[in-house]
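J.: Just so it is clear: in the sequence shown, position 115 is 136 by our numbering, and no numbers are missing. Every residue, glycine too, gets a C-beta built ideally from N, C-alpha and C. The structure displayed is predicted, hence computed values, not measured ones.
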Amino acid sequence: MRVKKAVIPVAGMGTRFMPYTKAVPKEMLPIIDIPSIHFIIEEAINSGIEEVLFITAAGKGSIKEYFEKKPELEKILKKKAGPEILKQYYRIPTDFKKSFITQKTPKGLGDAIMHAKDFVGKESFAVFLPDDIVFSGVPVMKQMIDTMTKYKKHVIGVEAVEKKMISSYGIIKPEKIGNKVYKITDMAEKPAIKDAFSNLGIVGRYILPASIFGYIKETKPGKHGEIQLTDALRMVMHNEGLIADEFDGDRCDTGDKYGYLLAIIKYAAAQENIKSRLKKDIKKIFKL
Numbered sequence: 022m023r024v025k026k027a028v029i030p031v032a033g034m035g036t037r038f039m040p041y042t043k044a045v046p047k048e049m050l051p052i053i054d055i056p057s058i059h060f061i062i063e064e065a066i067n068s069g070i071e072e073v074l075f076i077t078a079a080g081k082g083s084i085k086e087y088f089e090k091k092p093e094l095e096k097i098l099k100k101k102a103g104p105e106i107l108k109q110y111y112r113i114p115t116d117f118k119k120s121f122i123t124q125k126t127p128k129g130l131g132d133a134i135m136h137a138k139d140f141v142g143k144e145s146f147a148v149f150l151p152d153d154i155v156f157s158g159v160p161v162m163k164q165m166i167d168t169m170t171k172y173k174k175h176v177i178g179v180e181a182v183e184k185k186m187i188s189s190y191g192i193i194k195p196e197k198i199g200n201k202v203y204k205i206t207d208m209a210e211k212p213a214i215k216d217a218f219s220n221l222g223i224v225g226r227y228i229l230p231a232s233i234f235g236y237i238k239e240t241k242p243g244k245h246g247e248i249q250l251t252d253a254l255r256m257v258m259h260n261e262g263l264i265a266d267e268f269d270g271d272r273c274d275t276g277d278k279y280g281y282l283l284a285i286i287k288y289a290a291a292q293e294n295i296k297s298r299l300k301k302d303i304k305k306i307f308k309l
């Protein structure tokens, strides 16, 4: 089974990162020298995605600009920059089909995904939440597509979360059907620890059926008038079946300041020209 289209909601205001996000989209926060959204697109392309729809908002133009070709800049770099700079420049993905649609008022993830109805058509499609950067050998979405191909059901990504963090996640009730693969029999949005079905939390990767749009239409707005995705996912679960893939990878929630810092450190630790100095300086800072 192939998944060729992806939807990436980038309309969030990024209030946790004010004042930086007053002028710059949070998706352009750098992981050293690479914008965080770059990692999401790399994962998508390396998973076989061919077309991407960004659900965007006012003030997010730099995301579009980043993924556009710039022939004049390329000419200048070829003349004046060294090979290492050119290597980094050519790392930017530009040869994928991309489109943008504006979500004028953020009304929850369900509403954001509804904006993709015409783009998706009747195909299954991927959703990437850009706050979640995952460092992995095999791209997470590729793992999930393989799982969908094997089990013939749509898939959401999950990971084991700390007990104290359970109330911050959608939590699934799992029935194991394979190695780190589960049939979802129920789910709850941010339950109290005592009410949680498990410690498996839903994170920012989904493969959804086109039927999700009908289910979202049936979803009543919740707190602050937002339309969340959990109710629609529950309808998919009941009517079509839904499975969870506890993927292999190291996830960082860059929508959180600590998670963002952790992503930078982990990325730096994987760079040969940085990691030894980083290790030395961390020991010095913490007097280890």
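Would you call the segment 219–230 in contact with the segment 147–154, where contact means no fewer than 3 C-beta pairs closer than 8 Å?
T.: Counting Cβ pairs under 8 Å, three or more are found: they touch.
J.: If you draw a straight line from the C-alpha of I61 to the C-alpha of I285, how long is it?
T.: Within the sequence shown, numbered from 1, the residue matching residue 61 stands at position 40. Within the sequence shown, numbered from 1, the residue matching residue 285 stands at position 264. About 15 Å.
J.: Could you tell me the boundaries of the alpha helix (DSSP H) in which A65 lies?
T.: The residue labelled residue 65 in the question sits at position 44 within the sequence shown. A65 -> alpha helix (DSSP H) spans 57–67.
J.: If you compare alpha carbons, which of G235, E261, M162 is closest to N67?
T.: Mapped onto the sequence shown, residue 67 falls at position 46. Cα-wise, what sits closest to N67 is M162.
J.: Which residue comes first and which comes last in the alpha helix (DSSP H) that contains Y329?
T.: With the chain running from 22 to 309 in the structure shown, residue 329 is simply not present.
J.: Leaving out five residues on either side along the sequence, give the residues of the same chain with a beta carbon under 6 Å from the beta carbon of I52.
T.: Numbered from its first residue, the sequence shown carries residue 52 at position 31. Excluding positions up to five away in sequence, the list reads A284, I285, Y288.
J.: So the candidates are L250, K174, I55; which of them puts its Cα closest to the Cα of D266?
T.: By 1-based counting over the sequence shown, the position of residue 266 is 245. Taking only the C-alpha atoms, the option nearest D266 is K174.
J.: Please identify the residue among E196, C273, F218, K305 whose C-alpha is closest to the C-alpha of G262.
T.: Your numbering for residue 262 matches position 241 in the sequence shown. It is E196.
J.: Taking DSSP as the reference, what is the three-state secondary structure of S189?
T.: On the sequence shown, residue 189 is found 168 positions in, with the first residue counted as 1. DSSP places S189 in helix when its eight states are reduced to three.
J.: Do you know whose CA, among D277, V202, K125, lies nearest L50's CA?
T.: Here residue 50 refers to the residue found at position 29 when the sequence shown is read from its first residue. Ranking the options by Cα distance to L50, first place goes to D277.
J.: In this structure, does DSSP put R272 in helix, strand or coil?
T.: In the sequence shown, residue 272 corresponds to position 251, counting from 1. DSSP places R272 in strand when its eight states are reduced to three.
J.: With a cut-off of 8 Å on the beta carbons, I'd call I134 and V28 a contact; round off their distance for me.
T.: As a first step, residue 134 is located in the sequence shown; it is residue number 113 there, counting from the start. As a first step, residue 28 is located in the sequence shown; it is residue number 7 there, counting from the start. 6 Å between Cβ atoms; contact.
J.: In this structure, how does DSSP classify I295 when only helix, strand and coil are distinguished?
T.: Here residue 295 corresponds to residue number 274 of the sequence shown, with the count starting at 1. Reduced to three states, the DSSP call for I295 is coil.
J.: From what residue to what residue does the beta strand (DSSP E) around D116 run?
T.: Along the sequence shown, read from residue 1 onward, the residue named residue 116 stands at position 95. That residue, D116, is in no beta strand (DSSP E); it is neither H nor E in DSSP.
J.: Ends of the alpha helix (DSSP H) at K90?
T.: Residue 90 sits at position 69 when you count from the first residue of the sequence shown. From DSSP, K90 is part of no alpha helix (DSSP H); its letter is neither H nor E.
J.: What is the rounded straight-line gap between the Cα of I166 and the Cα of V176?
T.: Here residue 166 is taken as the residue at index 145 of the sequence shown, counted from 1. Here residue 176 is taken as the residue at index 155 of the sequence shown, counted from 1. Roughly 8 Å between the two C-alpha positions.
J.: DSSP puts I70 in a beta bridge; with which residues?
T.: Sequence index remark: in the sequence shown, residue 70 carries index 49 (1-based). Bridge partners of I70: none, in fact.
J.: Counting Cβ pairs, one atom from each stretch, are 3 or more of them under 8 Å apart for the segment 125–132 and the segment 239–250?
T.: As far as the Cβ criterion goes, the segment 125–132 touches the segment 239–250, which means the pair count is three or higher.
J.: If we ignore side chains and look at the alpha-carbon of each, how far apart do L250 and I237 end up?
T.: The residue given as residue 250 occupies position 229 in the sequence shown. The residue given as residue 237 occupies position 216 in the sequence shown. One C-alpha to the other measures close to 7 Å.
J.: Would you call the segment 215–226 and the segment 185–192 in contact, with 3 or more CB pairs under 8 Å?
T.: Short answer: they touch.
J.: Taking DSSP as the reference, what is the three-state secondary structure of F218?
T.: Within the sequence shown, numbered from 1, the residue matching residue 218 stands at position 197. DSSP places F218 in coil when its eight states are reduced to three.
J.: Report buried or exposed for T111, applying the criterion of at least 16 other Cβ atoms within 10 angstroms of its Cβ.
T.: Residue mapping note: residue 111 aligns to position 90 of the sequence shown, counting from 1. The sequence shown places Tyr at residue 111, not Thr. When all chains shown are included, Y111 counts as exposed.
J.: Can you round the beta-carbon distance between F75 and F121 to whole angstroms, since I take them to be within the 8 Å contact cut?
T.: The residue given as residue 75 occupies position 54 in the sequence shown. The residue given as residue 121 occupies position 100 in the sequence shown. With a Cβ gap of about 5 Å, F75 and F121 count as contacting.
J.: Pick from T240, F268, K304: whose alpha carbon is nearest that of V257?
T.: To locate residue 257, count along the sequence shown from 1; it is residue 236. For the residues T240, F268, K304, the minimum Cα distance to V257 belongs to T240.
J.: Go ahead and pull the three-state DSSP assignment for F121.
T.: Counting from one through the sequence shown, the residue named residue 121 turns up at place 100. Strand.
J.: For I295, I'd like the list of residues in its chain whose CB is within less than 7 Å of its CB, leaving aside the five on either flank, ordered along the chain.
T.: Residue mapping note: residue 295 aligns to position 274 of the sequence shown, counting from 1. The answer, listed in chain order, is A289.
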